[in-house]
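Remarks on the structure that follows.
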Amino acid sequence: MCFKCCLCFVQCLHKVWRFSINKIRLYIFFNIISDPCVSPWTASYGLTDEQKEFQKVAFDFAANEMAPHMAEWDQKEVFPVETMRKAAQLGFGGIYTRPEVGGSGLSRLDTSIIFEALSTGCVSTTAYISIHNMCAWMIDTFGNDEQRESFCPDLCSMEKFASYCLTEPGSGSDAASLLTSAQRKGDHYVLNGSKAFISGGGDTDVYVVMCRTGGKGAKGISCLVVEKGTPGLSFGKKERKVGWNSQPTRAVIFEDCAVPATNRLGEEGQGFNIAMKGLNGGRINIASCSLGAAHASVLLAKDHLLVRKQFGETLANNQFLQFKLAEMATKLVASRLLVREAATALQEDRADAVSLCSMAKLFVTDECFNVCNQALQMHGGYGYLKDYAVQQFVRDIRVHQILEGTNEVMRMIISRNLLTES
Ligand SMILES: Cc1cc2nc3c(=O)[nH]c(=O)nc-3n(C[C@H](O)[C@H](O)[C@H](O)COP(=O)(O)OP(=O)(O)OC[C@H]3O[C@@H](n4cnc5c(N)ncnc54)[C@H](O)[C@@H]3O)c2cc1C
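Residues in the sequence shown are numbered consecutively from 1, following UniProt numbering.
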């Protein structure tokens, strides 16, 4: 074959390839627009009947109890205590906590399904509920019977609310360098130091605190449960945030704060391990909240494209926007698959669980942010107005790329596990 024929052949192949890819994008687009069975809403494909049932309960709760208030909670910075207690009546206060202490005893996959659905109604509130669930699970899993019975029932009913306290002003990504000290004095620990960025801080009742009882590094860290009202426990001012405004964020300060030694979860030195075990599930939960935001944003974008007219026709007739919508739906579905795989791995305690949880958090929070941002772009100037929900989804999920371990830290965990596995 001469050079010209060769070039011609390659160009033909390229055209066929582009034609096929474009046809696939068009196919996805028309399915989203016209066929509800293949729309991104089919988050229930492959689920058991039971899972479909509580998914529906969560979607309904999101639509009826959360979505109508989401903008107001954001703008007035309301922590919707009563709504969360209603969610707890449905079993969402201790989804993966054991039933003996008031939990629902569901799996990590079940939990992800519920958080995705709830987030379509309000990401910020659902994200707080997810942190609360993580704390309840930590006490249930690492506490003794007395601790479990004392704290878990009130947490599962959301009569009491919990906060997770790891980050400090000087230790964020390098969490094992934390400095808050807990000195044993008789039957108490005396805490001194402060925690930064604590979700729920000041408004919650139970603080699961990682503090230093021993030497430097992870092995010197223990985990104590500190109750609101303990002398020496105080809070900083409420932080002003880009999103996540339906939950307060404050510093938590300990000044000679005496906590009964009976409030220690596990053994001395086990605290960092407990904190990381909590976060594995926390990362799936936060990724699931991002899924819910992307899920809602794809629908908002679809509705807008079908209604808004420019150049004499609806935006939905524009192929560029069709392709963009197709890509958004594809990213959403790929993200959901990864979250569900990670949730299953964690449930089964598989060797790849920690990496998969980190991969899910990294991939899903990045991709779902891009999906929501693209949905905002499709709304044009309207997307930038607070009357349109899409901007709130963008603002609320931006922080998912930062907290529960930044996405750079996720890369560190994944690569470290890859490079050290035998
Ligand atoms: C709204 C909100 C709520 C939060 N809620 C809680 C909570 O309830 N409980 C809690 O304990 N914490 C909470 N956090 C804290 C959160 O987990 C930390 O902000 C996060 O872990 C990052 O720590 P940092 O802010 O100190 O950033 P830093 O650790 O200072 O990092 C700054 C930047 O540098 C990057 N970086 C750092 N080290 C490396 C490295 N080695 N390689 C590459 N990049 C690196 C980071 O990824 C980041 O992009 C919350 C934060 C926010 C914003």
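For every residue, glycine included, the Cβ atom is placed at its ideal position computed from N, Cα and C.
Between the beta-carbon of residue i and the beta-carbon of residue j, is there less than 9 Å?
i: residue 274; j: residue 361; result: no
i: residue 134; j: residue 84; result: no
i: residue 369; j: residue 422; result: no
i: residue 70; j: residue 125; result: yes
i: residue 284; j: residue 357; result: yes
i: residue 166; j: residue 195; result: yes
i: residue 222; j: residue 213; result: yes
i: residue 232; j: residue 257; result: yes
i: residue 224; j: residue 252; result: no
i: residue 278; j: residue 208; result: yes
i: residue 43; j: residue 61; result: no
i: residue 175; j: residue 131; result: no
i: residue 57; j: residue 393; result: no
i: residue 265; j: residue 93; result: no
i: residue 353; j: residue 345; result: yes
i: residue 235; j: residue 250; result: yes
i: residue 342; j: residue 359; result: yes
i: residue 54; j: residue 113; result: yes
i: residue 400; j: residue 67; result: no
i: residue 317; j: residue 355; result: no
i: residue 339; j: residue 288; result: yes
In its own chain, which residues sit with a C-beta less than 8 Å from the C-beta of residue i, not counting the 5 before and 5 after it?
i: residue 298; result: 32, 40, 325, 328, 329, 332, 371, 375
i: residue 378; result: 301, 304, 305, 315, 321, 324, 325
i: residue 168; result: 178, 179, 180, 193, 194, 195, 196
i: residue 96; result: 103, 104, 105, 106, 107, 108, 110, 111, 133, 137, 281
i: residue 25; result: The predicted model places residue 25 with a pLDDT of 49, which falls under 50 and marks its position as unreliable; any figure quoted below should be read in that light. Excluding residues within five positions, the ones whose Cβ falls inside 8 Å are 322, 323, 326, 327.
i: residue 219; result: 269, 272
i: residue 149; result: 101
i: residue 173; result: 405, 406, 408, 409
i: residue 385; result: 391
Taking 7 Å as the limit between beta carbons, can you name the residues of its chain near residue i, skipping five residues before and five after?
i: residue 153; result: 101, 102
i: residue 28; result: Only weak support exists for where residue 28 lies, its pLDDT of 47 falling under 50; the value from the coordinates is given anyway. Answer for residue 28: 326, 329, 330, listed in chain order.
i: residue 79; result: 203, 246, 247, 248
i: residue 347; result: 107, 108, 109
i: residue 412; result: none
i: residue 398; result: 242, 243, 369
i: residue 227; result: 205, 206
i: residue 51; result: 110, 113
In its own chain, which residues sit with a C-beta less than 6 Å from the C-beta of residue i, not counting the 5 before and 5 after it?
i: residue 292; result: 116, 119, 120
i: residue 403; result: none
i: residue 395; result: 242, 243
i: residue 382; result: 388
i: residue 183; result: 190
Which residues does DSSP list as the beta-bridge partners of residue i?
i: residue 209; result: 165, 224
i: residue 184; result: 189
i: residue 195; result: 252
i: residue 309; result: 314
Examine chain C for any beta-carbon lying closer than 9 Å to the beta-carbon of residue i, and answer yes or no.
i: residue 180; result: In summary, chain C is missing from the structure at hand, where a single protein chain is found.
Which ranges does the beta strand (DSSP E) cover as unbroken runs of at least 3 residues, wholly within the region 228-283, from first to last along the chain? The DSSP assignment places 233-235, 249-260 as complete runs of the beta strand (DSSP E) inside the region 228-283, in order along the chain (cut-off: 3 residues).
Can you list, in chain order, the stretches of the alpha helix (DSSP H) that have 4 or more residues and sit fully within the region 106-170? Entirely contained in the region 106-170, the alpha helix (DSSP H) runs reaching 4 residues are, in chain order, 108-119, 123-142, 145-156.
Would you check if there are 3 or more beta carbon pairs closer than 8 Å linking the region 239-251 to the region 176-191? Touching, no, given that fewer than three Cβ pairs across the two stretches are closer than 8 Å.
Which runs of the alpha helix (DSSP H), 4 residues or longer, sit entirely within the region 312-376? Taken in chain order, the unbroken stretches of alpha helix (DSSP H) that lie wholly in the region 312-376 and span 4 residues or more are 319-347.
Please specify which runs of the alpha helix (DSSP H), each continuous and at least 4 residues long, are wholly inside the region 44-80, giving them in chain order. Runs found: 49-61, 70-76.
Kindly provide the ranges of any alpha helix (DSSP H) runs that are 4 or more residues long and lie completely inside the region 389-418, ordered along the chain. As far as the region 389-418 is concerned, its whole alpha helix (DSSP H) runs of at least 4 residues are 390-398.
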